[in-house]
Amino acid sequence: MELTAGQIATLLNGEIEGDNDLKISRLSKIEEGKTGSISFLANLKYESFIYETESSAVIVNKTFEAKKAISATLIRVENAYSAFTQLLEQYEKIVKYNKSGVEQPSHVGAGTSIGTGGYRGAFSYIGKNCTIGNDVLIYPQAYIGDNVRVGNGTVLHAGVKIYDNTHIGNHCRIFANVVIGSDGFGFAPQPDGSYRTIPQLGNVVIEDHVSIGANTTIDCATMGSTIIRQGVKIDNLVQIAHNVEIGKNTVIASQTGIAGSSKIGENCVFAGQIGIAGHVTVANRTQVGAQSGVNRDIKKEGLSLNGTPVIQLKDSLRSLAVLRRLPELERRILELEKQLKDNIH
Amino acid sequence: MELTAGQIATLLNGEIEGDNDLKISRLSKIEEGKTGSISFLANLKYESFIYETESSAVIVNKTFEAKKAISATLIRVENAYSAFTQLLEQYEKIVKYNKSGVEQPSHVGAGTSIGTGGYRGAFSYIGKNCTIGNDVLIYPQAYIGDNVRVGNGTVLHAGVKIYDNTHIGNHCRIFANVVIGSDGFGFAPQPDGSYRTIPQLGNVVIEDHVSIGANTTIDCATMGSTIIRQGVKIDNLVQIAHNVEIGKNTVIASQTGIAGSSKIGENCVFAGQIGIAGHVTVANRTQVGAQSGVNRDIKKEGLSLNGTPVIQLKDSLRSLAVLRRLPELERRILELEKQLKDNIH
Amino acid sequence: MELTAGQIATLLNGEIEGDNDLKISRLSKIEEGKTGSISFLANLKYESFIYETESSAVIVNKTFEAKKAISATLIRVENAYSAFTQLLEQYEKIVKYNKSGVEQPSHVGAGTSIGTGGYRGAFSYIGKNCTIGNDVLIYPQAYIGDNVRVGNGTVLHAGVKIYDNTHIGNHCRIFANVVIGSDGFGFAPQPDGSYRTIPQLGNVVIEDHVSIGANTTIDCATMGSTIIRQGVKIDNLVQIAHNVEIGKNTVIASQTGIAGSSKIGENCVFAGQIGIAGHVTVANRTQVGAQSGVNRDIKKEGLSLNGTPVIQLKDSLRSLAVLRRLPELERRILELEKQLKDNIH
Chain A
-8 MELTAGQIAT LLNGEIEGDN DLKISRLSKI EEGKTGSISF LANLKYESFI YETESSAVIV
52 NKTFEAKKAI SATLIRVENA YSAFTQLLEQ YEKIVKYNKS GVEQPSHVGA GTSIGTGGYR
112 GAFSYIGKNC TIGNDVLIYP QAYIGDNVRV GNGTVLHAGV KIYDNTHIGN HCRIFANVVI
172 GSDGFGFAPQ PDGSYRTIPQ LGNVVIEDHV SIGANTTIDC ATMGSTIIRQ GVKIDNLVQI
232 AHNVEIGKNT VIASQTGIAG SSKIGENCVF AGQIGIAGHV TVANRTQVGA QSGVNRDIKK
292 EGLSLNGTPV IQLKDSLRSL AVLRRLPELE RRILELEKQL KDNIH
Chain B
-8 MELTAGQIAT LLNGEIEGDN DLKISRLSKI EEGKTGSISF LANLKYESFI YETESSAVIV
52 NKTFEAKKAI SATLIRVENA YSAFTQLLEQ YEKIVKYNKS GVEQPSHVGA GTSIGTGGYR
112 GAFSYIGKNC TIGNDVLIYP QAYIGDNVRV GNGTVLHAGV KIYDNTHIGN HCRIFANVVI
172 GSDGFGFAPQ PDGSYRTIPQ LGNVVIEDHV SIGANTTIDC ATMGSTIIRQ GVKIDNLVQI
232 AHNVEIGKNT VIASQTGIAG SSKIGENCVF AGQIGIAGHV TVANRTQVGA QSGVNRDIKK
292 EGLSLNGTPV IQLKDSLRSL AVLRRLPELE RRILELEKQL KDNIH
Chain C
-8 MELTAGQIAT LLNGEIEGDN DLKISRLSKI EEGKTGSISF LANLKYESFI YETESSAVIV
52 NKTFEAKKAI SATLIRVENA YSAFTQLLEQ YEKIVKYNKS GVEQPSHVGA GTSIGTGGYR
112 GAFSYIGKNC TIGNDVLIYP QAYIGDNVRV GNGTVLHAGV KIYDNTHIGN HCRIFANVVI
172 GSDGFGFAPQ PDGSYRTIPQ LGNVVIEDHV SIGANTTIDC ATMGSTIIRQ GVKIDNLVQI
232 AHNVEIGKNT VIASQTGIAG SSKIGENCVF AGQIGIAGHV TVANRTQVGA QSGVNRDIKK
292 EGLSLNGTPV IQLKDSLRSL AVLRRLPELE RRILELEKQL KDNIH
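This is the structure:
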């Protein structure tokens, strides 16, 4: 991308102070800017950077008053932070999601319909009887099985694997090498010590505006559906087992695992490397700290939890503080025992 | 799939009570059934569902006596649970593993032999001098290196990567994006602080009836073989390091990791997110709780373990119970110290 | 590979004792050797094996004095261990990284330049305006986006996904299904409880001699670069979040996760399943035990840490030892309370 400072000012409905024709090719943090960068200053805590920045242009609030000379061209807007975010989003559209057309070879099965717009990369595979919406980007080496539905504006990155019968909503982003709809982990023990596979015949349903990070796995239901509700954001390397349901707008950080049949509420926030046992229910707005283990139902909404097994965050922090003084505690107990023995008997 | 209730009754050697020509297109839990579904009732704890179900047909035990009117057609069999399982398995064969033939483009290297039956999807790759058995399903974008052996009836799902010299037995299922035979993590520290790669020249041997979940990784041995014995079931996102050996019928849940050269016994059950250190031996029938850490040999068979590092499950549960009372314990010690000071001196 | 014992002796600058024409086709541990194997004996702790080994040849130190009859042909060298390592490296070059040429179909975008030598497997994809060095091996189904740079001698294994604008140095090894440059996990909460995606517009920079294990994910920076310095070794299923920087020669074992914007020093050693919080700084030469949680800056260099949250290893081991005696400690406190009550009042 290369725009002039003037074009950006027009885009952001801002006023320019400096060189209208300045060429901008990059967005940078104000402390990392170089010639050709545009940055922003919203929080005056970082004001000193604006007097030293090498960025060619800086977006500032209309109310900003410089205390020293500034070499960068300024673009004054109502709200510098949201203007910069708007610029980031424009820039993303131009540089990240700009693919179109069909590259060959790519495979489309019989009975599959594909909407207008969109992109299909080389070595991508779409099975039979699928319904693919408009403006869907399917990157190279992505795989879509049979009877899959994908909504409008959804992006399937390189190497994504979508099993048969999966439903994916509109405006989802599924990142590279994600696997959706693989078999749930269900085996029935046999008298001879071996296990018999329990067929996994359900599917996965993903609603709109869901984001799923690279190499994450979401298993199909044994029967029925594993369900990811609208607006859920899932990070990389997360495991979602069969028959799980995740409520609207819940956020799940990397390497967390949710075991079979658990029901997670809306607007929960799960940090990284958490384990959630099977068949538990977690209430709305539950927050869970990193590496915690949730082994029971969380019925009250809005709790902050931590630890294995989870307890309330503030109790967990107190326990952890004592934990590191355990050897000292043991010495104190021993000392008490000695004193008591010496003094009483 | 669409069968009549009569066809299903014949298949299950059952007797029909109701509409012989009823069309069945789906298997459902009794509480989730809709028109066209078939369900089952085995445990009378769930009996109330049969009077309310929308399923068109329900499989019940021969001995079942209805206490109210039932709208669904009944199929009476000796054992409703195992009849339903049998139906699931039939259904799975029909709807899940029904691919055949060869899609193009797909790659087969010189000197490779492929048995009869089976399926090779588009963009699948098989290297040189491989021996692929009969009825092997190789999904799109799967990769098989050189000198690989794959037994009869094995399924390699989309995007699976099998490195050179791997041996895979009969009737295994390897799910999407699994990596088998990648380099073990071995580096020799050098005097200048850098590391020199220790070549990893062994392979992976997987016996019959093994299941490996999506995005799991199994490294090749440094020399010799990493070995997964018959009937082992491995979930998604599991890490098996170089030179590990896993005994017959052991089950490993998601996100567990087993470090280099450890030997795991038969019929063990490992929950999710467990870490097992390198060079340890774990006895047969060991059970380990989720998020535990096994850092030493487990010599006695059949123990239930938990915690980091693992101790016996019942001891671990007691310790965890006290753990959350630690702040209170500390206060009690302080109180004792005060009392002793006040009273004795 | 098939070499004679004589050829190997010449290669290693050693002296042969036995059959010069012996055919060697395999490298084995001395206790696992078979006819056709070559092994080594360096540590005399394992001396007994040399009298029983079935290996056809054994590399020994010049100074080795046999105490019994040995059936294997001996190759005497200055240092048996490093000679064997040298042989492993030669063998690796011959058997593991021996691909060349271009298989079709494979995709190369406009404006991309590819150096001499090297390999491109079938169904591999290279985007536009990339610069690929000499002797780069790109295995089947690997994906390289636009504007990517890959240095000389680097290996991209099957199914690797490299996003746009990534820079990879010389002599790196990226194993199967690794994802580099996927979006960082950044979302801004909105008043209605939903989240707005923060565009991730930075890239990933990987310096020379870096190794990245199968199914690992490294996210691009929000702005700027996620940086993996020279000589870093990363195991399988590791998560590196956006804007992380990892110092030279740091080693990270499997299933560890490093959250956004953290800066890791040089020559650190991280065991498996560790979690490192976002925005922390970890000093050079820090060692962290398996399953630990690093939730704060580690400022002093060279510490050995363990636990969640991490404390010094020796303190952690003491605390863990007491942890399993917690129920006993609680009983002792109760006993003290009773005694005090009985005796004082």
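Residue numbers (our numbering), protein chains in the order written: chain A, -8 to 336; chain B, -8 to 336; chain C, -8 to 336.
Cβ coordinates follow ideal geometry from the N, Cα and C atoms, glycine included.
For the putative contact between residue i and residue j, defined by C-beta atoms under 8 Å, what is the C-beta separation to the nearest angstrom?
i: Ile209(B); j: Ile159(B); result: Ile209(B) to Ile159(B), Cβ: 11 Å. No contact.
i: Leu18(C); j: Leu79(C); result: 6 Å
i: Asn52(C); j: Ala71(C); result: 5 Å
i: Gly172(A); j: Val195(A); result: 5 Å
i: Glu98(C); j: Gly175(C); result: The residue you asked about is not Glu; residue 98(C) is His in the sequence shown. That belief does not hold up - the Cβ atoms of His98(C) and Gly175(C) are roughly 27 Å apart, past 8 Å.
i: Val169(A); j: Ile203(A); result: 5 Å
Spell out the partners DSSP gives residue i in its beta bridges.
i: Tyr82(B); result: Answer is none; Tyr82(B) lacks a bridge partner.
i: Lys152(B); result: Tyr134(B), Val170(B)
i: Val99(B); result: Ile117(B)
i: Glu8(A); result: Leu65(A)
i: Tyr110(B); result: Gly92(B), Leu128(B)
i: Ser104(A); result: Thr122(A)
i: Tyr37(C); result: DSSP output for Tyr37(C) lists no bridge partner at all.
i: Asp210(A); result: Ser173(A)
i: Arg164(C); result: Val146(C), Ser202(C)
i: Val273(C); result: Ile255(C), Ile289(C)
i: Gln230(B); result: Thr208(B), Gly248(B)
i: Pro338(B); result: Not covered by the structure: residue 338(B). The range shown for chain B is -8 to 336.
i: Ser30(B); result: Val49(B)
i: Val301(B); result: Val301(B) is not bridged to any residue.
i: Ser73(C); result: Bridge partners of Ser73(C): none, in fact.
Run down chain C in chain order and give the residues with a C-beta less than 7 Å from the C-beta of residue i.
i: Gln282(A); result: Gly266, Gly284, Thr299
i: Ile302(B); result: Arg315
i: Gly184(B); result: Asn240, Asn258
i: Gln230(B); result: Asn227, Leu228, Ser245, Gln246
i: Ala205(A); result: Val170, Ser173, Thr208
i: Lys152(B); result: Ala149, Gly150, Ala167, Asn168
Along chain B, in chain order, which residues have C-beta atoms closer than 9 Å to that of residue i?
i: Ser253(A); result: Within chain B, no residue comes near Ser253(A); the closest Cβ sits about 12 Å away, beyond 9 Å.
Name the chain B residues whose beta carbon is nearer than 8 Å to that of residue i?
i: Tyr82(C); result: Pro190, Leu192
i: Asn227(A); result: Simply none; closest approach about 10 Å.
i: Arg309(A); result: Leu317, Pro318
i: Glu321(C); result: Val313, Arg316, Leu320
Could you tell me which chain C residues have their CB closer than 8 Å to the CB of residue i, listed as they occur along the chain?
i: Asp306(B); result: Arg315, Pro318
i: Leu79(A); result: Ile189, Pro190, Leu192
Which chain B residues are close to residue i, counting only those with a beta carbon under 7 Å from its beta carbon?
i: Ala113(C); result: His98, Tyr116
Under 7 Å between beta-carbons, which chain A residues line up against residue i? List them in chain order, please.
i: Leu18(B); result: Leu192, Met214
Going along chain A in order, which residues have a C-beta closer than 8 Å to the C-beta of residue i?
i: Ile324(C); result: Ile324
i: Gln132(C); result: Phe114, Gln132, Gly150
Just to make sure I have the definition right: I need the residues of chain C whose C-beta is within less than 9 Å of the C-beta of residue i. Which are they?
i: Gln95(B); result: In chain order: nothing, as chain C lies at least about 10 Å away.
Original post:
What are the residues of the segment 134 to 150 of chain B that lie near chain A, defined by any Cβ-Cβ distance shorter than 9 Å?
Top reply: His148, Ala149, Gly150
Original post:
Are the segment 103 to 113 of chain C and the segment 98 to 113 of chain A touching, with three or more C-beta to C-beta distances below 8 Å?
Top reply: With fewer than three CB-CB distances shorter than 8 Å, the segment 103 to 113 of chain C does not count as touching the segment 98 to 113 of chain A.
Original post:
According to a CB-to-CB cut-off of less than 7 Å, which residues of the segment 208 to 223 of chain C neighbour chain B?
Top reply: Along the segment 208 to 223 of chain C, going in chain order, the ones with a CB nearer than 7 Å to a CB of chain B are Gly222.
Subject >> Three or more C-beta pairs below 8 Å linking the segment 45 to 57 of chain A and the segment 15 to 30 of chain A >> reply: With a cut-off of 8 Å, the segment 15 to 30 of chain A and the segment 45 to 57 of chain A count as touching, because enough Cβ pairs lie within range.
Subject >> Under 8 Å (Cβ pairs) to chain A, residues found in the segment 161 to 173 of chain C >> reply: Asn168, Val170, Ser173
Subject >> Where the segment 234 to 259 of chain B meets chain A: residues whose CB sits under 8 Å from a CB there >> reply: Lys239, Asn240, Val242, Ala244, Ser245, Gln246, Glu257, Asn258
Original post:
Is there contact here, the segment 237 to 251 of chain A with the segment 183 to 195 of chain C, by at least three beta-carbon pairs under 8 Å?
Top reply: yes
Subject >> Three CB pairs or more closer than 8 Å across the segment 312 to 324 of chain A and the segment 302 to 310 of chain C >> reply: yes
Subject >> contact_flag[the segment 275 to 295 of chain A, the segment 284 to 303 of chain B] where n(CB pairs < 8 Å) is 3 or more >> reply: no
Original post:
On the three-pair Cβ rule with 8 Å, is the segment 254 to 268 of chain A touching the segment 280 to 288 of chain A?
Top reply: yes
Original post:
Okay, do the segment 320 to 332 of chain C and the segment 320 to 330 of chain B touch, 3+ Cβ pairs below 8 Å being the bar?
Top reply: yes
Original post:
Taking a cut of 9 Å between CB atoms, which residues from the segment 1 to 14 of chain A lie near chain C?
Top reply: For the segment 1 to 14 of chain A, the set of residues with a beta-carbon nearer than 9 Å to any beta-carbon of chain C is empty.
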